[in-house]
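In my numbering, the protein residues as written are 349 to 626.
Even for Gly, the Cβ is constructed at its ideal location relative to N, Cα and C.
Owing to the predicted nature of the structure, the values given are computational and were not obtained by experimental measurement.
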Amino acid sequence: MKLFVDDLTHVDFSYLDAQRGLLGESWVVRLELDGTLNDEGMICDFGIVKKRVKQWFDEGIDHALAIATRMPNLEIEESDNRTEVRWTDDDGRLLHCVGPEQAFALLDIEAITPESVARWCESRLIELFPDEVQGLTLTLYPETIDSALYHYSHGLQKHQGNCQRIAHGHRSRVQVFVDGERSAEQEQYWGQQFRDIYIGTRSHLQREAEGISYFAYEAPQGAFELSLPSDRVYLIDTESTVEQIAEHMALVTGQNCPGSRVEVRAFEGIGKGAIARA
């Protein structure tokens, strides 16, 4: 017998890609359980499945910087409940991130892909279930988007939850309406502006030197630091909440389309976001 749960939860995180650098990502989680029936005629109650798996992801990969610990040019130091990551990309440029250990998900794999992460998760998830569950298959996949999209990473200093982590991210669609009509041109503009980007708050930027931007702030979970190539950074004057990102996009789009009514629907990962008008 098999039990399945489609669209069990969504996972938003960032990771290191050898060619693209720091990359925000969002995946859908699908789960299948193999097993025998218990006295209630079930393999496992759906409520238990969804609660335990979602909690496991929330406490692990979700809103973290996921690191494939076997990738090349990587150094990791862990001490006093803090983690420091140094990584050099294929172009020889350094990314450096320091923060509380819970802001990182260290995976014993060679690269972050939906398939490799799913296999890594399976052996750990099986421990969450009763003996009737004898096998587990996890599928992770990005949302199908047939229009403009972008991958972005950010950190929200004032957030009380895990969004405060300085390097977590999302893969997001964007919809731009100019005078009531979808504008593919403006959507593609933002897809390019925010392609594989770190959206940084200007007040968090400590300095720029030799093509590297240095960010740091104190948040409820602790002190965070991040440095990365400046050409992968887009600065805004506010915190990078999706509401304020949408507002920024609407204002800039209004400048690009003078005299027009503008509405921006900016997504934060899958199925959620903010609307701003200008």
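Contact under 8 Å by Cβ, residue i with residue j
{"i": "I457", "j": "A416", "result": "yes"}
{"i": "F615", "j": "R530", "result": "no"}
{"i": "W644", "j": "L422", "result": "Residue numbering for the chain in the displayed model covers 349 to 626; residue 644 lies beyond these limits and cannot be assessed."}
{"i": "D360", "j": "D428", "result": "no"}
{"i": "I545", "j": "Y498", "result": "yes"}
{"i": "Q534", "j": "T487", "result": "no"}
{"i": "A412", "j": "A453", "result": "yes"}
{"i": "D382", "j": "K350", "result": "yes"}
{"i": "K402", "j": "T357", "result": "yes"}
{"i": "R519", "j": "G372", "result": "yes"}
{"i": "S578", "j": "G559", "result": "yes"}
Strand pairing of residue i, partner residues [DSSP]
{"i": "W375", "result": "V359"}
{"i": "K350", "result": "D382"}
{"i": "S531", "result": "Partner(s): none; S531 has no beta bridge."}
{"i": "Y537", "result": "Beta-bridge pairing links Y537 to no other residue."}
{"i": "R625", "result": "E611"}
{"i": "R521", "result": "L497"}
{"i": "I415", "result": "L454"}
Neighbour-count burial assignment, residue i, 16 or more Cβ in a 10 Å radius
{"i": "T384", "result": "exposed"}
{"i": "S374", "result": "buried"}
{"i": "M597", "result": "buried"}
{"i": "I396", "result": "exposed"}
{"i": "Y363", "result": "buried"}
{"i": "E463", "result": "exposed"}
{"i": "G539", "result": "buried"}
{"i": "G503", "result": "buried"}
{"i": "R609", "result": "exposed"}
{"i": "Q603", "result": "exposed"}
{"i": "E556", "result": "exposed"}
{"i": "T586", "result": "exposed"}
{"i": "S561", "result": "buried"}
{"i": "R513", "result": "buried"}
{"i": "A532", "result": "exposed"}
{"i": "F352", "result": "exposed"}
Expected contact under 8 Å - CB spacing of residue i and residue j to nearest Å
{"i": "H444", "j": "Q505", "result": "At roughly 18 Å, the Cβ-Cβ gap does not stay under 8 Å, so H444 and Q505 are not in contact."}
{"i": "E573", "j": "V446", "result": "4 Å"}
{"i": "Q523", "j": "R441", "result": "So it is not a contact: roughly 33 Å between Cβ atoms."}
{"i": "A594", "j": "I618", "result": "Going by Cβ atoms, the distance from A594 to I618 rounds to 16 Å, so no, they are not a contact pair."}
Segments of 3+ residues assigned as beta strand (DSSP E) that fall wholly inside the stretch 548–620
Those beta strand (DSSP E) runs which fall completely within the stretch 548–620 and span 3+ residues are 553–557, 560–567, 570–577, 581–584 and 610–615.
Every unbroken alpha helix (DSSP H) inside the stretch 428–505 [4 residues or more]:
462–473
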